[in-house]
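Chemist: Per the working numbering, numbering through the sequence shown is continuous, rising by one, with the last residue being 296. Cβ atoms here follow ideal geometry from the backbone N, Cα and C, with glycine treated the same way. These numbers come from a predicted model, not from an experiment.
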Amino acid sequence: MNESQQIPPPVSYDGEIDLRDLFRVLWAGKWLIGGITVGAAVIAVIVALMLPNIYRAEALLAPTDQAGAGGLSALAAQYGGLASLAGINIGGGSDDKTALGLEILKSRKFISEFIERRDILVTLMAATDWNSRTRELIIDSSTYDVASGKWIREVSPPKTTIPSSQEAYKAFTGMLSIGQDKKTGLVTIAVEHYSPMVAKQWVDWLVEDINSTTMQHDVAQAEQAIEFLNRQIDSTSLADFQAVFFRLIEEQTKKVMLAKVLPEYMFRTLDPAVVPELKTKPKRVRIPRIPATYST
1 MNESQQIPPP VSYDGEIDLR DLFRVLWAGK WLIGGITVGA AVIAVIVALM
51 LPNIYRAEAL LAPTDQAGAG GLSALAAQYG GLASLAGINI GGGSDDKTAL
101 GLEILKSRKF ISEFIERRDI LVTLMAATDW NSRTRELIID SSTYDVASGK
151 WIREVSPPKT TIPSSQEAYK AFTGMLSIGQ DKKTGLVTIA VEHYSPMVAK
201 QWVDWLVEDI NSTTMQHDVA QAEQAIEFLN RQIDSTSLAD FQAVFFRLIE
251 EQTKKVMLAK VLPEYMFRTL DPAVVPELKT KPKRVRIPRI PATYST
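#1: Pick from Lys183, Trp31, Thr123 and Gly174: whose alpha carbon is nearest that of Gly149?
#2: Smallest Cα separation from Gly174: which of Gly39, Lys279 and Ala190?
#3: Would DSSP call Arg153 helix, strand or coil?
#4: Look up Ile54 in the DSSP assignment and say whether it is helix, strand or coil.
#5: Identify which residue in Asp181, Val275 and Thr280 has its Cα closest to the Cα of Ala99.
#6: According to DSSP, what are the bridge partners of Arg247?
#7: Does the beta-carbon distance from Ala62 to Met125 come in below 8 Å?
#8: Quick one: grab the DSSP three-state call for Leu137.
#9: Rounded to the nearest angstrom, what separates Asp218 and Glu192 at their Cα positions?
#10: Which residues in the same chain as Asn53 place their Cβ atom closer than 6 Å to its Cβ, once the five residues preceding and following it in sequence are excluded?
#11: Can you find the residues in the same chain that come closer than 6 Å, C-beta to C-beta, to Val256, ignoring five residues on each side of it along the sequence?
#12: Have a look at Ala57 and Asp65 and give me their C-alpha separation to the nearest angstrom.
#13: Which class does Gly179 belong to by DSSP, given the choice of helix, strand or coil?
#14: Distance check for Tyr169 and Phe110, CA to CA, integer angstroms please.
Right, here's the structure in full:
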(Lines of atoms letter the chains of each structure in order from A and count residues from 1; the text may use other names and numbers.)
(Lines give C-alpha, C1' and ligand atoms only; values in the text may rest on other atoms or scores of the structure.)
Protein backbone atom coordinates (compact mmCIF):
# COMPACT_ATOMS: atom_id res chain seq x y z
CA MET A 1 0.00 0.00 0.00
CA ASN A 2 1.24 3.49 -0.84
CA GLU A 3 1.31 6.40 1.60
CA SER A 4 -2.13 7.78 0.53
CA GLN A 5 -3.72 4.43 1.30
CA GLN A 6 -2.10 3.99 4.66
CA ILE A 7 -4.44 4.18 7.66
CA PRO A 8 -3.57 7.13 9.90
CA PRO A 9 -2.49 6.22 13.39
CA PRO A 10 -5.17 6.51 16.09
CA VAL A 11 -5.36 9.84 17.85
CA SER A 12 -4.87 9.66 21.57
CA TYR A 13 -7.04 11.85 23.77
CA ASP A 14 -6.14 13.03 27.20
CA GLY A 15 -9.13 12.52 29.49
CA GLU A 16 -7.89 15.02 32.07
CA ILE A 17 -9.27 18.56 32.22
CA ASP A 18 -7.08 21.40 33.32
CA LEU A 19 -9.24 23.36 35.77
CA ARG A 20 -6.86 26.27 35.63
CA ASP A 21 -7.37 26.66 31.89
CA LEU A 22 -11.13 26.38 32.35
CA PHE A 23 -11.09 29.01 35.08
CA ARG A 24 -9.00 31.33 32.93
CA VAL A 25 -11.52 31.00 30.06
CA LEU A 26 -14.46 31.73 32.36
CA TRP A 27 -12.66 34.63 33.99
CA ALA A 28 -11.86 36.13 30.60
CA GLY A 29 -15.56 36.12 29.73
CA LYS A 30 -16.79 37.18 33.15
CA TRP A 31 -18.29 40.43 31.90
CA LEU A 32 -20.15 38.70 29.10
CA ILE A 33 -21.49 35.98 31.43
CA GLY A 34 -22.44 38.51 34.08
CA GLY A 35 -24.12 40.76 31.54
CA ILE A 36 -26.20 37.93 30.12
CA THR A 37 -27.25 36.80 33.60
CA VAL A 38 -28.25 40.28 34.73
CA GLY A 39 -30.02 40.98 31.44
CA ALA A 40 -32.04 37.78 31.66
CA ALA A 41 -33.00 38.55 35.25
CA VAL A 42 -34.08 42.10 34.35
CA ILE A 43 -36.14 40.85 31.40
CA ALA A 44 -37.81 38.22 33.60
CA VAL A 45 -38.71 40.85 36.21
CA ILE A 46 -40.07 43.25 33.59
CA VAL A 47 -42.19 40.53 31.98
CA ALA A 48 -43.50 39.44 35.39
CA LEU A 49 -44.43 43.02 36.28
CA MET A 50 -46.18 43.54 32.94
CA LEU A 51 -48.35 40.41 33.19
CA PRO A 52 -51.87 41.14 34.45
CA ASN A 53 -53.07 39.69 37.71
CA ILE A 54 -55.27 36.60 37.60
CA TYR A 55 -57.83 35.96 40.33
CA ARG A 56 -59.38 32.61 41.21
CA ALA A 57 -62.83 32.07 42.70
CA GLU A 58 -64.10 28.63 43.64
CA ALA A 59 -67.08 26.93 45.24
CA LEU A 60 -67.33 23.63 47.10
CA LEU A 61 -70.37 21.53 46.21
CA ALA A 62 -71.94 18.29 47.38
CA PRO A 63 -74.09 16.03 45.19
CA THR A 64 -77.70 16.03 46.37
CA ASP A 65 -79.96 13.03 46.86
CA GLN A 66 -82.45 14.51 44.41
CA ALA A 67 -79.99 13.86 41.59
CA GLY A 68 -79.98 10.17 42.44
CA ALA A 69 -82.60 7.53 42.09
CA GLY A 70 -84.39 8.40 45.32
CA GLY A 71 -87.40 6.14 45.83
CA LEU A 72 -86.71 4.44 42.54
CA SER A 73 -83.83 2.56 44.16
CA ALA A 74 -86.24 0.79 46.50
CA LEU A 75 -88.53 0.05 43.57
CA ALA A 76 -85.62 -1.38 41.64
CA ALA A 77 -84.94 -3.82 44.46
CA GLN A 78 -88.61 -4.75 44.82
CA TYR A 79 -89.97 -4.61 41.28
CA GLY A 80 -86.87 -4.46 39.12
CA GLY A 81 -87.32 -7.89 37.59
CA LEU A 82 -91.00 -7.40 36.91
CA ALA A 83 -90.48 -3.94 35.46
CA SER A 84 -87.75 -5.23 33.14
CA LEU A 85 -90.24 -7.69 31.69
CA ALA A 86 -92.40 -4.70 30.77
CA GLY A 87 -89.44 -3.02 29.08
CA ILE A 88 -88.81 -0.40 31.81
CA ASN A 89 -85.33 0.16 33.22
CA ILE A 90 -85.31 1.22 36.87
CA GLY A 91 -81.93 2.30 38.16
CA GLY A 92 -79.26 4.90 38.02
CA GLY A 93 -77.57 5.67 41.31
CA SER A 94 -76.50 9.03 42.66
CA ASP A 95 -72.88 8.34 41.66
CA ASP A 96 -73.92 7.88 38.04
CA LYS A 97 -76.00 11.04 38.16
CA THR A 98 -73.13 13.03 39.67
CA ALA A 99 -70.71 11.82 37.00
CA LEU A 100 -73.27 12.69 34.34
CA GLY A 101 -73.73 16.16 35.82
CA LEU A 102 -69.98 16.80 35.77
CA GLU A 103 -69.71 15.68 32.17
CA ILE A 104 -72.59 17.99 31.23
CA LEU A 105 -70.85 20.82 33.05
CA LYS A 106 -67.69 20.30 30.97
CA SER A 107 -69.47 19.66 27.69
CA ARG A 108 -69.19 21.91 24.65
CA LYS A 109 -72.96 22.25 24.39
CA PHE A 110 -73.46 23.38 27.98
CA ILE A 111 -70.56 25.86 27.97
CA SER A 112 -71.52 27.32 24.58
CA GLU A 113 -75.10 27.83 25.76
CA PHE A 114 -73.80 29.25 29.04
CA ILE A 115 -71.68 31.85 27.22
CA GLU A 116 -74.61 32.86 25.03
CA ARG A 117 -77.22 32.81 27.78
CA ARG A 118 -75.13 34.86 30.20
CA ASP A 119 -73.85 37.19 27.43
CA ILE A 120 -70.21 36.99 28.50
CA LEU A 121 -68.48 36.73 25.12
CA VAL A 122 -66.95 40.21 25.33
CA THR A 123 -65.78 39.67 28.91
CA LEU A 124 -64.34 36.32 27.90
CA MET A 125 -62.62 37.17 24.61
CA ALA A 126 -61.85 40.90 24.70
CA ALA A 127 -60.83 41.62 28.31
CA THR A 128 -57.11 42.15 28.87
CA ASP A 129 -56.83 43.46 32.43
CA TRP A 130 -58.66 44.72 35.49
CA ASN A 131 -58.52 48.20 37.03
CA SER A 132 -58.67 47.61 40.76
CA ARG A 133 -59.25 51.29 41.52
CA THR A 134 -62.25 51.83 39.26
CA ARG A 135 -63.24 48.14 39.52
CA GLU A 136 -63.70 47.99 35.76
CA LEU A 137 -62.52 45.59 33.10
CA ILE A 138 -60.07 46.83 30.50
CA ILE A 139 -61.27 45.86 27.02
CA ASP A 140 -58.86 45.57 24.10
CA SER A 141 -59.86 48.43 21.77
CA SER A 142 -58.38 46.62 18.76
CA THR A 143 -60.62 43.63 19.40
CA TYR A 144 -63.95 45.11 20.46
CA ASP A 145 -65.35 48.64 20.06
CA VAL A 146 -67.22 49.39 23.27
CA ALA A 147 -68.82 52.56 21.88
CA SER A 148 -70.44 50.84 18.91
CA GLY A 149 -70.75 47.43 20.55
CA LYS A 150 -69.10 45.68 17.60
CA TRP A 151 -66.24 43.26 17.15
CA ILE A 152 -63.44 44.79 15.08
CA ARG A 153 -60.58 42.33 15.52
CA GLU A 154 -58.54 41.26 12.52
CA VAL A 155 -57.92 37.51 12.39
CA SER A 156 -56.90 34.97 9.80
CA PRO A 157 -59.24 32.22 8.60
CA PRO A 158 -60.71 29.97 9.86
CA LYS A 159 -61.24 32.43 12.70
CA THR A 160 -63.91 35.09 12.23
CA THR A 161 -64.27 38.67 13.45
CA ILE A 162 -66.88 37.56 15.96
CA PRO A 163 -65.40 34.69 18.00
CA SER A 164 -67.00 31.37 17.19
CA SER A 165 -68.49 29.04 19.77
CA GLN A 166 -65.50 26.71 19.40
CA GLU A 167 -63.01 29.50 20.04
CA ALA A 168 -65.04 30.75 22.99
CA TYR A 169 -65.32 27.22 24.38
CA LYS A 170 -61.55 26.76 24.23
CA ALA A 171 -60.95 30.09 25.96
CA PHE A 172 -63.52 29.38 28.68
CA THR A 173 -62.26 25.89 29.46
CA GLY A 174 -58.80 27.39 29.87
CA MET A 175 -60.19 29.44 32.77
CA LEU A 176 -62.42 26.70 34.21
CA SER A 177 -61.34 23.86 36.47
CA ILE A 178 -63.58 21.12 37.86
CA GLY A 179 -62.47 18.49 40.33
CA GLN A 180 -64.03 15.84 42.51
CA ASP A 181 -62.65 14.24 45.65
CA LYS A 182 -62.88 10.49 45.11
CA LYS A 183 -63.15 9.80 48.84
CA THR A 184 -65.75 12.36 49.87
CA GLY A 185 -67.44 12.89 46.51
CA LEU A 186 -67.30 16.67 47.00
CA VAL A 187 -66.97 18.77 43.85
CA THR A 188 -64.92 21.95 43.37
CA ILE A 189 -65.71 24.43 40.60
CA ALA A 190 -63.20 27.23 40.03
CA VAL A 191 -62.82 30.06 37.52
CA GLU A 192 -59.75 32.23 36.90
CA HIS A 193 -60.12 35.68 35.38
CA TYR A 194 -58.57 39.13 35.31
CA SER A 195 -61.50 40.42 37.37
CA PRO A 196 -62.11 38.90 40.82
CA MET A 197 -65.76 39.94 40.58
CA VAL A 198 -66.21 38.25 37.21
CA ALA A 199 -64.57 35.05 38.47
CA LYS A 200 -66.96 34.91 41.42
CA GLN A 201 -70.00 35.71 39.28
CA TRP A 202 -69.20 33.02 36.73
CA VAL A 203 -68.86 30.36 39.42
CA ASP A 204 -72.25 31.32 40.85
CA TRP A 205 -73.82 31.21 37.39
CA LEU A 206 -72.25 27.83 36.61
CA VAL A 207 -73.67 26.28 39.78
CA GLU A 208 -77.08 27.81 39.11
CA ASP A 209 -77.16 26.73 35.46
CA ILE A 210 -76.00 23.15 35.99
CA ASN A 211 -78.71 22.70 38.62
CA SER A 212 -81.32 24.24 36.33
CA THR A 213 -80.20 22.26 33.27
CA THR A 214 -80.19 18.88 34.98
CA MET A 215 -83.48 19.64 36.70
CA GLN A 216 -85.21 20.52 33.45
CA HIS A 217 -83.78 17.43 31.77
CA ASP A 218 -84.96 15.09 34.53
CA VAL A 219 -88.39 16.74 34.76
CA ALA A 220 -88.92 16.33 31.02
CA GLN A 221 -87.75 12.72 31.23
CA ALA A 222 -90.05 12.00 34.19
CA GLU A 223 -93.06 13.56 32.47
CA GLN A 224 -92.43 11.45 29.38
CA ALA A 225 -92.17 8.36 31.60
CA ILE A 226 -95.50 9.21 33.26
CA GLU A 227 -97.19 9.47 29.88
CA PHE A 228 -95.68 6.16 28.81
CA LEU A 229 -96.71 4.41 32.05
CA ASN A 230 -100.26 5.68 31.75
CA ARG A 231 -100.46 4.17 28.28
CA GLN A 232 -99.08 0.88 29.60
CA ILE A 233 -101.73 0.78 32.34
CA ASP A 234 -104.45 1.15 29.75
CA SER A 235 -102.93 -1.57 27.58
CA THR A 236 -102.46 -4.29 30.22
CA SER A 237 -104.89 -6.17 32.44
CA LEU A 238 -102.29 -7.85 34.66
CA ALA A 239 -102.66 -6.61 38.21
CA ASP A 240 -98.96 -7.10 39.02
CA PHE A 241 -97.87 -4.96 36.09
CA GLN A 242 -100.44 -2.30 36.91
CA ALA A 243 -99.17 -2.18 40.50
CA VAL A 244 -95.64 -1.61 39.28
CA PHE A 245 -96.77 1.09 36.85
CA PHE A 246 -98.75 2.93 39.53
CA ARG A 247 -95.80 2.88 41.91
CA LEU A 248 -93.52 4.13 39.15
CA ILE A 249 -95.95 6.92 38.31
CA GLU A 250 -96.05 7.87 41.98
CA GLU A 251 -92.27 8.08 42.20
CA GLN A 252 -91.94 9.98 38.93
CA THR A 253 -94.58 12.46 40.05
CA LYS A 254 -92.76 12.94 43.35
CA LYS A 255 -89.53 13.47 41.43
CA VAL A 256 -91.11 16.21 39.31
CA MET A 257 -92.53 17.97 42.39
CA LEU A 258 -89.24 17.92 44.31
CA ALA A 259 -87.26 19.02 41.27
CA LYS A 260 -89.44 22.08 40.76
CA VAL A 261 -89.33 23.03 44.45
CA LEU A 262 -85.61 22.65 45.19
CA PRO A 263 -83.30 25.17 43.43
CA GLU A 264 -80.16 23.12 44.18
CA TYR A 265 -81.23 20.02 42.34
CA MET A 266 -77.94 18.44 41.29
CA PHE A 267 -75.36 20.09 43.56
CA ARG A 268 -75.76 21.70 46.98
CA THR A 269 -73.39 24.56 47.79
CA LEU A 270 -71.33 23.90 50.91
CA ASP A 271 -68.90 26.78 50.52
CA PRO A 272 -69.99 29.47 48.03
CA ALA A 273 -67.57 31.46 45.91
CA VAL A 274 -66.35 34.81 47.21
CA VAL A 275 -64.64 37.73 45.50
CA PRO A 276 -60.92 36.94 45.92
CA GLU A 277 -58.80 39.68 47.42
CA LEU A 278 -55.43 38.20 46.47
CA LYS A 279 -54.26 37.26 43.02
CA THR A 280 -53.51 33.68 42.08
CA LYS A 281 -50.87 34.41 39.46
CA PRO A 282 -48.43 35.40 38.12
CA LYS A 283 -45.91 34.52 40.83
CA ARG A 284 -43.75 37.59 40.52
CA VAL A 285 -40.18 37.79 41.70
CA ARG A 286 -39.91 39.46 45.09
CA ILE A 287 -37.95 42.66 44.60
CA PRO A 288 -36.35 43.85 47.84
CA ARG A 289 -37.27 47.38 48.78
CA ILE A 290 -34.68 49.84 50.01
CA PRO A 291 -35.89 51.25 53.33
CA ALA A 292 -36.35 54.97 53.32
CA THR A 293 -34.09 57.08 55.51
CA TYR A 294 -35.16 60.25 57.18
CA SER A 295 -32.99 63.02 58.49
CA THR A 296 -33.91 65.11 61.46
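Modeler: The relevant details are as follows:
#1: Ranking the options by Cα distance to Gly149, first place goes to Thr123.
#2: With respect to the C-alpha of Gly174, the residue from Gly39, Lys279 and Ala190 having the closest C-alpha is Ala190.
#3: Correct three-state label for Arg153: coil.
#4: Three-state DSSP puts Ile54 in a strand.
#5: Ranking Asp181, Val275 and Thr280 by Cα distance to Ala99 puts Asp181 first.
#6: Beta-bridge partners of Arg247 (DSSP): none assigned.
#7: In this structure, Met125 does not lie closer than 8 Å to Ala62 by Cβ.
#8: In this structure, Leu137 counts as strand in the three-state DSSP scheme.
#9: Answer to the nearest angstrom: the Cα atoms are 31 Å apart.
#10: Contacts found: Lys279.
#11: Closer than 6 Å at the Cβ level, and outside the excluded window around Val256, lie Val219 and Ala222.
#12: Approximately 26 Å between the Cα atoms of the pair.
#13: Strand.
#14: So the two alpha carbons sit approximately 10 Å from each other.
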